[in-house]
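Engineer: Residues in the sequence shown are numbered from 48 upward in steps of one, following the numbering used here.
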Amino acid sequence: MNKLYQRDLKALAQDFRSSGDLTKLCRTTGTDLNLIQMYSLHPQYREFNIPKPHGGWRKIETPVYELMAILRRFNLYLQAVYYRYRTQAAYGFIMHPKDDPNPKNILENARRHLGNRFMLKIDLKDFFYQIKKQRIYKLFKSNIFEFPNKTAQILSDLFTYKGRLPMGTPTSPVLSNFASIQLDNDLQKWADERQVVYTRFADDMTFSANNQMFTHKDLEAIKYICTKNKFVLQTEKTIFYNAFDEKMVTGLVLHDTVDILPQFYKELNKDIIRLKHLAEASIIVQNDMHNHIFDKFKQEVQGKINFIGMVEGYNSKEFYDYNNRYKAALHPDTEQLFSRWTHFNYI
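(1) Skipping 5 residues on each side, what residues in its chain have a beta carbon closer than 7 Å to that of Asn370?
(2) To the nearest angstrom, how far is it from the Cα of Lys197 to the Cα of Gln135?
(3) Please tell me whether Pro217 and Asn122 are closer than 8 Å, where the distance is taken between their beta carbons.
(4) Leaving out the 5 sequence neighbours to the left and right, which residues in its chain are closer than 7 Å to Arg120 when beta-carbon positions are compared?
(5) Note down the Cα distance separating Ala58 from Glu283, rounded to an integer number of angstroms.
(6) Looking at the unbroken alpha helix (DSSP H) that takes in Lys270, where does it start and where does it end?
(7) Look at the Cβ atom of Asn163, then the Cβ atom of Ala60, and state whether they are nearer than 8 Å.
(8) May I ask which residues mark the beginning and end of the alpha helix (DSSP H) holding Met214?
(9) Inspect the CB distances between the region 226-241 and the region 139-151 and report whether three or more fall short of 8 Å.
(10) Restricting to Cα atoms, I'd like to know which of Ala290, Phe311, Phe291 and Val348 is closest to Thr297.
(11) Could you pull out every residue in the same chain whose Cβ sits closer than 6 Å to the Cβ of Ile394, ignoring the five residues on either side in sequence?
(12) Taking the alpha carbon of Glu347 as the reference point, which residue from Lys317, Ile330, Gly360 and Asn362 has its own alpha carbon closest?
(13) Roughly how many angstroms separate the alpha carbons of Arg182 and Asp265, rounded to a whole number?
(14) Within 10 angstroms of its Cβ, does Ser363 collect 16 or more other Cβ (buried), or is it exposed?
(15) Please determine if the region 190-208 and the region 137-147 are in contact, where contact requires at least 3 C-beta pairs separated by less than 8 Å.
(16) Following the continuous alpha helix (DSSP H) through Thr70, name the residue where it begins and the one where it ends.
(17) Quick one, are the C-beta atoms of Gln229 and Asn276 less than 8 Å apart?
(18) Tell me which same chain residues have a C-beta within less than 7 Å of the C-beta of Met357, skipping the five on either side of it?
(19) Leu280 by DSSP, collapsed to three states: which one?
(20) According to DSSP, simplified to helix, strand and coil, what is Ala290?
(21) With 16 other CB atoms within 10 Å as the buried threshold, where does Pro195 fall?
(22) Closest to Leu56 by CA distance: which of Tyr124, Arg74 and Gln84 is it?
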C-alpha cells in the first residue's frame, strides 16, 4: 500500500469506529466473519525462540498464515485510530502520513534528548505480556471505540493469546500503544512539572534534563506511576547518565548529532557477505524455501541500509557505499559463479 495522507487515516479511523457491529466491521476491514469467530475461539500460533542481541532468548508467537492476514488488515485500521489518539511521548509503531510535518520514529525519539546533560533510561518488563485480554476488552468498550459487548469480546479474543498480547503479531504493537495512553499522560505530567523530556519507544522509556541530575527518588516516582498503570519495570536495565557520559537512546548514540554505533556497521558488513553467498546459492539452487529465506534476509539488509539513510542522510557517503555494496551482492558475476560452483577436481 502506498503511503497515506492524514485525511486517509482520518477516513479509515472513522469507518472503523463507526462500524460497531461485527458484521459491519468485517465488511469495513475486508475480513471474513466466520474466520474471525473461529480464530477468536481457537487461536493458532507457532512458537519459537530467537536470540536477543545482548544474550538470552525471546519467545516469538507468530499466527498461522490465515490469521496473520486478518491481523494485518485490522492493524491498518487500528493504526489509523491510534494516530488520532497518539500521545506526545510515544514514538514507536506509529504510522507516518506523507503530509505529517512531525513524523514519529526511532530517530526523532533520540533527537528529542539531544543537548540534555542528564538522562535516565528505563525498560518495562515483558511489555506485551503485561497487557492482558481484559485491558484490550476495556479498550474496545472505552470512548475511543464504544463497541458493543460482543464485538469487544471477540476482538479481545482475536488479538490476544494465552490471555495477553502475543509477541510476534501485527496488532500487538499498536494495541500496546493504546494500552499505554494513560501511562504516557501520567508520566508526561510528571515530566512537565520538572522540565524533563520524556519519550517512549515501545517498552523503552527515556527521561532527560539539562539542569538537574536524576535520583533514585525520581526512579521511585516513575515506578509508582507505572505500577498504578499496571506496568512493571525491568529494574536491572535502568541506567543513570551523568553530564559527561556518552548517552544512548534505542541503539543510537547522542553526540552533537544522533549517530549510529560502530557495531551496527560491523554487523551490516557481515550481513552483506552473507547476502552475497545467499544470492549465489539462490542462482545455483532454485529452491522455493531457500528463495523465501533469501528474500526475507534481503529485506532485512535493505532495511538496515535505509536506516543509515534516515539517520545519516540519503546523500551521505555511508548510505551511498552500503547501497552500492548491497546491489553488488545481489548481482554476482554469473560466469565466474557457475565456473566456481561446477568445476571439481577428481583424484
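Think of the CB as a built atom: it goes at the ideal place given N, C-alpha and C, for glycine as much as any other residue.
Structural biologist: So, from the listed chains and residues:
(1) Ile352
(2) 32 Å
(3) yes
(4) Thr76, Gly77 and Thr78
(5) 43 Å
(6) His263 to Lys275
(7) no
(8) Met214 -> no alpha helix (DSSP H), and no H or E assigned at all.
(9) no
(10) Phe311
(11) The pLDDT assigned to Ile394 is 37, lower than 50, so where the model puts this residue is not dependable, and the model offers no usable value.
(12) Lys317
(13) 27 Å
(14) exposed
(15) no
(16) Leu69 to Thr76
(17) yes
(18) Leu154
(19) strand
(20) coil
(21) exposed
(22) Tyr124
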